[in-house]
Amino acid sequence: MVSPSVMLFRQELPFLEWRKGIACQRWKQAAIAAVLLSLTALTSWRCNVDVQSFISGVDKGIPLLGLFFPPEWSRLVGMLQPLAVTVVLAMAATILGMCLSLPCALAASSNLAPPPLRLAMRSFIALERGLPEIVQLLLLIAIFGLGVVPGLIALSIGSIGMLAKLLADGIEEIEPSMLESVAGTGATRSQVIRYAVIPQILPALFANGLFQFEFNVRTSIILGAIGAGGIGYVMRTSMLSMDYSTACMATLLTLALVFFTERVSDFLRARILSGGLLR
Amino acid sequence: MLNVSKIVVRLPNGKRLVNDVSFTVGRGEFVSILGSSGAGKSLTLRCIIGLTKPNEGEITLTGPSGQSYRTANVSAAELRRARRHIGLIFQGSNLVKRLTVLENVMLGRLGHINPVRSWLVGFKDSEAREAMVALDQVNMAACAGRLTGSLSGGEMQRVSIARAIHQRPLIYLADEPISSLDPRNADAIMSILQPLSRDTPVIGAFHQPAVVARYCTRAIGIRMGTVVYDGPAQISARQLEHIYGESSGESFLPHRDLDPQLPFFGPDMQPSLREGVTI
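Quick note, the sequences are listed as chains A and B, same order. Position 71 of the first sequence, counted from 1, bears residue number 71 in this note's numbering, the numbering being contiguous throughout. Position 144 of the second sequence, counted from 1, bears residue number 423 in this note's numbering, the numbering being contiguous throughout.
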């Protein structure tokens, strides 16, 4: 039998310590909630958010929604061409991004590249990822003018940034002993890359490439609305000219496109990761 | 013939992980390096293949026609030339899992292949046929087209031996080739290695004195980085105790934190908790 004084030291004091910690946590949580709430209130007051315009907007919006229906089915065939532009833009950007991200990823991985090169490439990737696609597009439009070309460049650079980061992380996860076992035959660094690194990361490249394709389809619609052409541009011009039933048609097509690409890419990705498609 | 002369591997803090290790291995020998984990067995083998640079010492490999190669503290190109003639049999799990079995065997001769050809053409059919001979020697020819990642541990180990055979080296280095295998598979691997050693010396790191006594011709015992036994493979119990010592669990591998650990109940703990424990 343990004496009561031992129980006090072994159980009661640690318990009190624990309860003090919990109470302290509660206070912290309450303080954080209060700060967030007051920040929200303060900023909406400073930015002149008024509930009045929200309510009147809803009042106007509901009859406006009625104007969207029925969709303008006669425009369906004419929209297939801009839709194809959007898809081709996304696809070309993804393929270009995949090809160029491979050397970038090799240069950004700590187990292959010398430290200065790695640092330079990692900072380039971080910089690129910090700049939203839309900002890049606006810069590129200033250079190349409106059209598909700046859209393609912006999307490709975006794909490189994302894919190179994911791939470089994948390369760094390859066991060093596997690379050493190939280097131990007298192979050069480029041969180690060819026979140990590339076979190991190829599935990751394609699986991430498919994700990037889905993302690029959605982004190319947004970029289209800004001026890169395609279905996004159709949607924007019809909205501006108050041709709401045409805009509705474009929206439906966009939904169908996004849904379809997601299904296809999920299907292919499952095949790749299970090892069936790439041998 | 391999001549290892007074190699020393030091940690930055001056601790010697490999301390003045010297030995010579000639034709017809099947040498086993014995020692507890972290005694410096693997590190010695890594020095021979040049994956770890010894701080001091010389390692020279001499061929039958008098050509000689050095692996300690030489330029990258000279090291690659030497590695072509060292057949590294590593843990089978270090094979490139996303390549086929036959491709993994062919990797053994990468050092003899121009990197440009590796990228543009790949392996030739004649090389594949030669590799099939090596693969047949370890009884794995039927698995040539399989993906290496789908093999069992024993099968992978045989493929890694086939890779070394295909390399046609002047010496085989085997770093714990059987430590992850069951006794039957271990026997199978040893009875592949033993006939190889008649023409080309084999140096291996092993953990099982009984297996060593049965297959090897000579044993080298390493304890805390120093050679403490060099003689016949049949080792008496007293000599084994001398090699493994009482503190056989102690590790001196470089990745281990050598600083003394803070005691679990340090001075930064809550006083009440510390009191609770001291009772």
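Where is the CB? At the ideal position from N, CA and C, for every residue including glycine. Treat the numbers as computed from the prediction; the structure is a model and nothing was measured.
Where residue 320 of chain B is concerned, the enclosing alpha helix (DSSP H) starts and stops at 320-328. Among the CB atoms of chain A, none fall inside 8 Å of the CB of residue 317 of chain B.
Contact residues of the region 177-188 of chain A toward chain B are 177, 178, 180, 181, 182, 184, 185, 186, 187, 188 (C-beta to C-beta distance below 7 Å).
Residues of the region 281-312 of chain B whose Cβ lies closer than 8 Å to any Cβ of chain A: none. Here DSSP, grouped into helix, strand and coil, assigns residue 509 of chain B to strand.
Under the DSSP assignment, residue 226 of chain A falls outside any beta strand (DSSP E); it carries neither an H nor an E label. Straight-line measurement puts the Cα of residue 442 of chain B at about 11 Å from the Cα of residue 409 of chain B. Looking at A/88, A/75, A/64, A/197, the one whose alpha-carbon comes closest to that of residue 113 of chain A is A/197. Residues of chain B whose Cβ lies closer than 7 Å to the Cβ of residue 196 of chain A are, in chain order, 375. Proximity of the region 158-166 of chain A to the region 82-98 of chain A meets the contact definition, three or more beta-carbon pairs being nearer than 8 Å.
A residue is called buried when at least 16 other Cβ atoms come within 10 angstroms of its Cβ; residue 373 of chain B meets this threshold and is buried.
At least 8 Å separates the CB of residue 440 of chain B from every CB of chain A. Between the region 466-484 of chain B and the region 294-312 of chain B, the count of C-beta pairs closer than 8 Å reaches three or more; the two stretches touch.
Taking 8 Å as the threshold, the shortest C-beta distance from residue 397 of chain B to chain A falls below it. Taking the Cβ atoms as the reference, residue 430 of chain B lies roughly 7 Å from residue 438 of chain B, within the contact range of under 8 Å. For the pair residue 186 of chain A and residue 389 of chain B, the CB atoms are nearer than the 8 Å cut-off.
Note on residue 445 of chain B: 16 or more other CB atoms within 10 angstroms of its CB, so buried under the neighbour-count rule. Using a Cβ-Cβ cut-off of 7 Å, residue 390 of chain B is close to 185, 186, 187 of chain A, given in chain order. Following the DSSP letters along the chain, one finds residue 78 of chain A inside the alpha helix (DSSP H) bounded by residues 76-108. In this structure, the straight-line span from the alpha carbon of residue 213 of chain A to that of residue 105 of chain A is close to 18 Å. Excluding sequence positions up to five before and after residue 258 of chain A, its CB lies within less than 7 Å of the CB of 217, 218, all in the same chain and listed in chain order. Among the CB atoms of chain B, none fall inside 8 Å of the CB of residue 100 of chain A. For residue 202 of chain A, a Cβ of chain B is located within less than 8 Å of the residue's own Cβ.
Across the structure, residue 154 of chain A and residue 136 of chain A are spaced so that their CA atoms are roughly 6 Å apart. Distance from the Cα of residue 451 of chain B is smallest, within the candidate group B/313, B/369, B/396, B/519, for B/369.
Along the region 133-166 of chain A, the beta strand (DSSP E) does not occur as any fully enclosed run of 3 or more residues. Residue ranges of uninterrupted alpha helix (DSSP H) with 4 or more members are absent from the region 9-41 of chain A; none lies entirely inside it. Within chain B, the residues placing a beta-carbon under 8 Å from that of residue 190 of chain A are 394, 397, 398, ordered along the chain.
Within the model, the alpha-carbon separation for residue 147 of chain A versus residue 405 of chain B is close to 53 Å.
Among the CB atoms of chain A, none fall inside 8 Å of the CB of residue 416 of chain B.
A contact is defined here as three or more CB-CB pairs under 8 Å, and the region 377-384 of chain B fails this definition with respect to the region 351-358 of chain B. Under the Cβ distance rule, residue 387 of chain B counts among the residues neighbouring chain A, one pair being separated by less than 8 Å. According to DSSP, residue 260 of chain A shares a beta bridge with no other residue.
Scanning chain B for C-beta atoms nearer than 9 Å to the C-beta of residue 199 of chain A yields 375, 376, 377, 378, 382, reported in chain order. Secondary structure of residue 402 of chain B (DSSP, three-state): coil.
Taken through DSSP and simplified to helix, strand or coil, residue 54 of chain A comes out as helix.
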